[in-house]
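FYI, the numbering for the sequence shown is 6 to 354, going by our numbering. Built from N, CA and C at the ideal position, the CB exists for glycine as well.
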Amino acid sequence: MSLMKQAMKTILLPIIRPLWQRAWSHVEGRVEPIEARLVSLEARAAQIEQAWQTHIPSLLSATAHASAVSNEIAGICRQLDKLAESHSQNSSAVAQWNATTATLSQRTETLEERGNNADAAIRSLQEHGNNAEAAIGSLWERVEFVRREILFEFNHGAGKKSTPNGTETQKIEPRIISAAKFEAARDEKRLRLNLGCGHIALADYINVDARDLPGVDVVADVGNLPVEENSVDEIFSAHLIEHFPLETLRRRLLPYWCSKLRPGGTFKAVTPDAAAMVQATAAGTMSFEDFREVTYGAQDYDGDYHFSLFTPGSLQELLQEMGFKEISVPVAARRNGKCFEFEIVAIAP
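Written out as structure tokens, the structure is:
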């Protein structure tokens, strides 16, 4: 059997080999491109596998994130559904709100109209008030005129024999009313006199006036005081010195007051400021009637006449003439009611 195989190989191989070589050469030409394509496919498969391995985590994460986003979008859709349902339910409330707003707007317009009417009423009341104020002022001037007429007739009418400054009146005898207060001030060497105090008594002073008024401590003429010479610490007067003629002040009263002051005692006086009043009258800030009244006095009674008028400079010169020193004017052109006034301070020699 083996010899037969050997014989057949010997016989057939020379015949088959050329046929095989021819067929192989024909097949090989077709196989080589297939092999090249297989190599290329293997390379591409390797690249795809590598890319897959590289990007699979991101792909998985994106997939998971997409799922979460999908769930979130579904939740938002559910909320939108609820909001739509709530909006539908609130539409009636909105309509009611709009109706209420319209009502409030109408009421606001009504209130504005009433406010305008109230403003008009207030303006009318203010106008009536101004008219009433003017009427009251006119009435007050009339009352003041009648008062002065009555006082004038009472003091200067038929049968009255008196001079404007009362020189023919009965002499006033000094009388100490507040004896304990007077003696305490004198003993403690703090005797301070407020001359011609009238109704304005000062607590720290011995208040002196020719009339027995409330608060007066001594009833006396300012030129006849119940005090010893060189015993008074301070003499103060407010709107007094203008009630005396200049020569009376120069020859009698100022020397008399200076003699009552202890050496180094203080003289103070408040009196109308002629310079300030002239300027104010010229500027129109003081009426002529007020200027006239302050200059000459209201003249309602014997002691209400003015006979002197000073400026700070003129009174300073007069006090220097009387021997006073360290003269100063701490206040000038001060408005006090109808008048302008100044205050002067001097030290007794």
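Is the distance from the Cβ of residue i to the Cβ of residue j below 7 angstroms?
| i | j | result |
| --- | --- | --- |
| LEU269 | SER242 | Note that residue 269 is Gly in the sequence shown, not Leu. Result no, Cβ atoms of GLY269 and SER242 do not sit closer than 7 angstroms. |
| ILE205 | ALA190 | no |
| GLY228 | LEU258 | yes |
| GLY203 | ASP214 | yes |
| ASP278 | PHE345 | yes |
| ASP222 | LYS186 | yes |
| VAL237 | ARG180 | no |
| ILE177 | ASP226 | yes |
Under three-state DSSP, which class holds residue i?
| i | result |
| --- | --- |
| LYS330 | strand |
| GLY269 | strand |
| ILE155 | helix |
| ALA337 | strand |
| ALA351 | strand |
| SER110 | helix |
| VAL237 | strand |
| PHE312 | coil |
| ILE2 | What the structure shows of the chain is the stretch from 6 to 354, and residue 2 is not part of that stretch, so it cannot be assessed. |
| ARG180 | strand |
| SER292 | coil |
| PRO219 | coil |
| PHE249 | coil |
| LYS87 | helix |
| ALA303 | coil |
| ARG195 | coil |
| ASN103 | helix |
| ASN121 | helix |
| ASN229 | coil |
| THR286 | helix |
| HIS161 | Note that HIS161 has pLDDT 44, beneath the 50 cutoff, so the model's placement of it is unreliable and the number below is only indicative. Reduced to three states, the DSSP call for HIS161 is helix. |
| GLY171 | For GLY171, the predicted structure reports a pLDDT of 46, less than 50, and the residue's modelled location is therefore unreliable. The matter cannot be settled from this model. |
| LYS166 | Note on LYS166: pLDDT 43, under 50, position unreliable in the model; no value is reported. |
Shortest alpha-carbon distance to residue i belongs to which of the options?
| i | options | result |
| --- | --- | --- |
| PRO317 | THR290, ALA280, ARG340, ASP295 | ALA280 |
| GLU188 | SER333, ASP217, PRO231 | PRO231 |
| ASP305 | VAL151, ASP222, LYS194 | VAL151 |
| CYS263 | ARG339, SER319, ASP222, VAL350 | VAL350 |
| LEU196 | ALA184, GLY203, ALA288 | ALA184 |
| TYR301 | ASN212, LEU85, HIS244 | HIS244 |
| PHE315 | GLY342, LYS343, PHE347, PHE329 | PHE347 |
| ALA208 | ASN199, ARG339, ARG216 | ASN199 |
| THR276 | PHE296, ASP295, ILE246 | ILE246 |
| LYS343 | GLN325, PHE296, GLU322, ARG147 | PHE296 |
| LEU266 | GLU233, SER292, VAL283, MET291 | GLU233 |
| PRO354 | ARG339, VAL336, ILE332 | ILE332 |
| THR271 | LEU109, ARG22, ILE352 | ILE352 |
| VAL299 | PHE312, ALA287, ASP307 | PHE312 |
| ALA303 | LEU323, GLU149, GLN284 | GLU149 |
| LEU324 | LEU254, ARG339, GLU294 | LEU254 |
| GLU239 | ALA100, LYS194, SER292 | LYS194 |
| LEU251 | VAL283, GLU322, GLN284 | GLU322 |
| GLU294 | GLU146, ALA104, PRO335, ASN76 | GLU146 |
| LEU320 | ASP192, VAL334, ASP307 | VAL334 |
| ALA337 | GLY142, GLN284, ASP309, HIS248 | GLN284 |
| PRO260 | MET327, MET291, HIS248 | MET327 |
Bridge partners for residue i per DSSP, in chain order?
| i | result |
| --- | --- |
| ASP214 | VAL224 |
| SER242 | LEU200, ALA274 |
| CYS344 | ASN341 |
Any Cβ of chain C within less than 7 angstroms of the Cβ of residue i?
| i | result |
| --- | --- |
| GLU146 | Chain labels in this structure do not include chain C; a single protein chain is all it has. |
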